[in-house]
Amino acid sequence: MLLPLKWLRDYVDIEMGTEEFAEAMTLSGTKTEGIVYPGAEIKNVIVGKVLSIEKHPDADKLVVVRVSIGEEERQIVTGADNLKVGDYVPVALHNAKLPGGKKIKRGSMRGVMSDGMLCSAQELGIDNKFIPEEMREGIYVLSEKAELGSDIHDAMLLDDAIIEFELTANRPDCNCILGIAMEAAATIGAKVELPSLEVKEEGEMLQGDVKIKTELCGRYLLREVKDVKICQSPYYIQRRLIESDVRPINNIVDLTNYVMLEYGQPLHAFDRKKLVGDTIVVAMAGEEECSVTLDGEERTLDPSIITIRDEEKIIALGGIMGAQNSEIDDTTTHIFLESAHFDADTIRASSKKLGLRTDASARFEKGIDLHRCKKALDRLCHLIEKLGYGTVCKGSVDRQTAECKEVKVDFTIEKINEVIGCKISEEEILDILSKLNFKVEKTEDGFAATPPEYRTDVEQFADIVEEVSRIYGFNKIESKPLRGEVIPARKSEERIFEDKIKSAAYKSGLTEVLTYSFVSPSGPEKAGLSEECYKFMRLLNPLGEETSVMRTSLVPNMLDIVSSNMAHKNEFFSGFEFGNIFFKEEEAKQLPSMVTASYGKEEDFFSLKSRLEGIFEILRYESRQYRPNREAALFHPGKCADIFIGTERVGIIGEVHPSVAQAFSLKKKVYLAELDIVKMMSLYAEDIKYKRIPKYPAVKRDIALVVDKGLYVQEIETLIREYGKKLIEKVELFDVYDGDRIEEGKKSVAYSITYRKANATLTDEEVNQVQEKLLSALREKLNAVLRDQ
């Protein structure tokens, strides 16, 4: 925020130097970004009056101007063509200095002596955007008479500094001159002289009404002014607007901006003769409704945008900008004045949607208190009357839908000092709060502070502590070592399990990969995944279609990684990714998942299975089974299996289906497994159970069985364990053969079975009994017979 210091001096008596004042404001929490001294580089430039203008005898584009600078006259040659006799202009005399280091010397121009130079706005350091079009290419003509020969700093009010403050979003009250005045007064211990709000109301009774049809407008005030005279504003108002980075337009518009800068409350003026009817309506826009705003752009609206209307049309976008069909121009003689309160979030969203951010929207979107509306409107009417720009009608319309909430914050002196870490007396704390215009009441337990109506940011005890600290002076608070109880950090159970499974994956020969969580919605379709994977959470502001949804599976990303490795001629890949997947159902949820993949000369279904087995073994999962799955579209129907731990399905493994491989440009066979981490966590046992070292010897028996070629060895092992009662300690497959001497459609499988008794030595008879029952069950249920040789 740019703040002309001379404007602030109207309300606060600042006796200290500018730099000292800026430093004090920074220390009290209103950070100073910089200080500018307009006109600081200008030397020996004074006010002159044009007495005569004659053509240069030897140059068609030059004129010879005689100017009075008080008791003397000067002859100056210039090429400007916008001057006339009687104009007051800035005259740079011999040895004058201008912004940018430019020096002026007297000299001859085409044979005619020129004793100095007449200055343009640019040469005086005034930006073109603040200058009327007719003066942008010529000499700057002063809008008001000034004492001849007086310093241009006095005539153009270049006699004080402009301070730029960096304001935080939670302090909208400071986004105006009076807000900074309140802070300055509390900082330097001065008093604030508030501007006059007296309105004489010398006109007839106001003829107008207001209807509010949306709760997003908390308050709307309307006043009427007749006999309006449109002209240029006084130079001091124009200069203050310019120094605040606001372009002067005409007296009425300038005054609405002037009061907005003064109070932080945006105001708007409508040309009454351009309105239909006497009623102003505040309502939401219709679907695809359009309005041409003051910048000449046609805006397409929707029902989320607040509009101000007469009885036929939109005349303003609430809290953002007026419409062109009701703007003030040179013919305006009768106006309505608006002062309103709009919902901050709505204005912020509307401004962003329309791509239209204005001084008004910048203030509304940070939040403005409800009380400011009336004060600002009364101030505007007071200035219109004072400057003779119109007659204010009697009465006003004030419609309010929102409630003014009063906040009370309890505190104790002891607690404030405990938090700050020093001892500030009760008297000083109460004095600080009084300087900040807080009302403090004594209570049974301490005090209760009520912030002033404009301090909407104060809500809790911590805010009171901050207020006391910053005005007392952060630089006065002694730095002390932090004290407190150190609580040992501990990872959640989910994170601990993640670390364990990742560590197991590393040990099993898998390399971790990481991919983005936001992906393309086409991924699940390319990978042939289930309908569950189409329940996307969509991003509100995606970078593009390829990153527009949150992933519902890690598989597409992993296949992209594999494809990239193949494209880069990597002959081998064996990796995994552990990460969250996201679903949009009744409510958004995220779940952990894990995918592994491999390809290469030595890689096949069983090599990936062995890596998974390594992970399961490290995590101590027992009763693992692999059951055929011919339904998964992602995998080759004959080379895919569901993974079970006990009776729970925890994943799937297989060779990627050729059609999926083609979709991802995979030139080699790829093997992939997906694990359900939620299920695996539920089955994981943190505690390790130890067994005594067996006292009694084991008995080993080997059996070779001839079975159907399509029979899975898992079924054989399951049956062996089922009939082995508690005597079987271990079952190991050590051979599979389907060559010579094995009839067609059959295969030979050989197992080593370890028997052991926990509390006695096994006898051959006991082992034989179990073995006979076992072989009988294998023969009856699986058609498995002992191999002869």
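Going by UniProt numbering, 289 is the number at position 289 of the sequence shown; the sequence numbering is gapless. Heads up, the beta-carbon is just placed ideally off N, CA and C, and yes, glycines get one too.
Inter-residue spacing [alpha-carbon to alpha-carbon] between residue i and residue j
| i | j | result |
| --- | --- | --- |
| V440 | V141 | 54 Å |
| E655 | M566 | 16 Å |
| V246 | T332 | 22 Å |
| T293 | T300 | 11 Å |
| D258 | L241 | As written in the sequence, residue 258 is Tyr, which differs from the Asp given in the question. Each residue's alpha carbon lies about 7 Å from the other. |
| E403 | G218 | 8 Å |
| V660 | F497 | 32 Å |
| E418 | D560 | 57 Å |
| E765 | F606 | 38 Å |
| I471 | S28 | 5 Å |
| G756 | I716 | Residue 756 is actually Arg in this sequence, not Gly. So the alpha carbons of these two residues sit roughly 20 Å apart. |
| K679 | G651 | 9 Å |
| R357 | G319 | 10 Å |
| L387 | A448 | 44 Å |
Where the alpha helix (DSSP H) through residue i begins and ends
| i | result |
| --- | --- |
| I677 | I677 to L683 |
| E164 | Run containing E164: none in the alpha helix (DSSP H); it sits in the beta strand (DSSP E), I162 to E166. |
| I643 | Where I643 is concerned, there is no enclosing alpha helix (DSSP H), although the beta strand (DSSP E) it sits in stretches over F635 to I645. |
| I368 | Segment: none, I368 is in no alpha helix (DSSP H) and carries neither H nor E. |
| F497 | E493 to K507 |
| L8 | L5 to L8 |
| S434 | E426 to K435 |
Three-state class that DSSP yields for residue i in the structure shown
| i | result |
| --- | --- |
| E722 | helix |
| S563 | helix |
| P556 | helix |
| Q769 | helix |
| Y258 | helix |
| V513 | coil |
| L786 | strand |
| L377 | helix |
| T26 | helix |
| M182 | helix |
| P524 | helix |
| A155 | helix |
| I320 | coil |
| Y690 | coil |
| G189 | coil |
| Q75 | strand |
| N541 | coil |
| H382 | helix |
| P172 | helix |
| T547 | helix |
| Y472 | helix |
Any chain B beta carbon closer than 8 Å to residue i
| i | result |
| --- | --- |
| Q590 | Note that chain B does not occur in the displayed structure, where there is just one protein chain. |
Nearest neighbour of residue i, chosen from the options [CA to CA]
| i | options | result |
| --- | --- | --- |
| Y263 | D173, E715, A527 and R272 | D173 |
| residue 804 | V397, I314, N257 and M260 | With the chain running from 1 to 789 in the structure shown, residue 804 is simply not present. |
| I720 | K700, D676 and L775 | L775 |
| E603 | I413, G149, K669 and D343 | K669 |
| F364 | H371, G355, R348 and K374 | R348 |
| A750 | T761, V731 and K61 | V731 |
| H268 | R239, V63 and A360 | A360 |
| N580 | F270, L157, P592 and E571 | P592 |
Extent of the continuous beta strand (DSSP E) run through residue i
| i | result |
| --- | --- |
| V65 | A59 to S68 |
| Q400 | V397 to Q400 |
| K442 | K439 to K442 |
| M113 | V112 to S114 |
| L51 | K43 to H56 |
| G219 | Sequence check: residue 219 is Arg here, not Gly. Element bounds for R219: C217 to K226. |
| D708 | V699 to D708 |
| K97 | Y88 to L98 |
| N82 | From DSSP, N82 is part of no beta strand (DSSP E); its letter is neither H nor E. |
| T346 | Run containing T346: none in the beta strand (DSSP E); it sits in the alpha helix (DSSP H), A344 to L354. |
| Y626 | R624 to P628 |
| G421 | Per DSSP, G421 belongs to no beta strand (DSSP E) and is neither H nor E. |
| L241 | Per DSSP, L241 belongs to no beta strand (DSSP E); it is in the alpha helix (DSSP H), Y235 to E243. |
| A269 | L267 to D271 |
| R649 | E648 to V656 |
Supposed contact pair residue j and residue i - C-beta distance, whole angstroms, cut 8 Å
| i | j | result |
| --- | --- | --- |
| K213 | V281 | 6 Å |
| I420 | V465 | 6 Å |
| C373 | A340 | 6 Å |
| residue 791 | I252 | The question about residue 791 has no answer, for the chain in this structure spans 1 to 789. |
| M558 | V595 | 5 Å |
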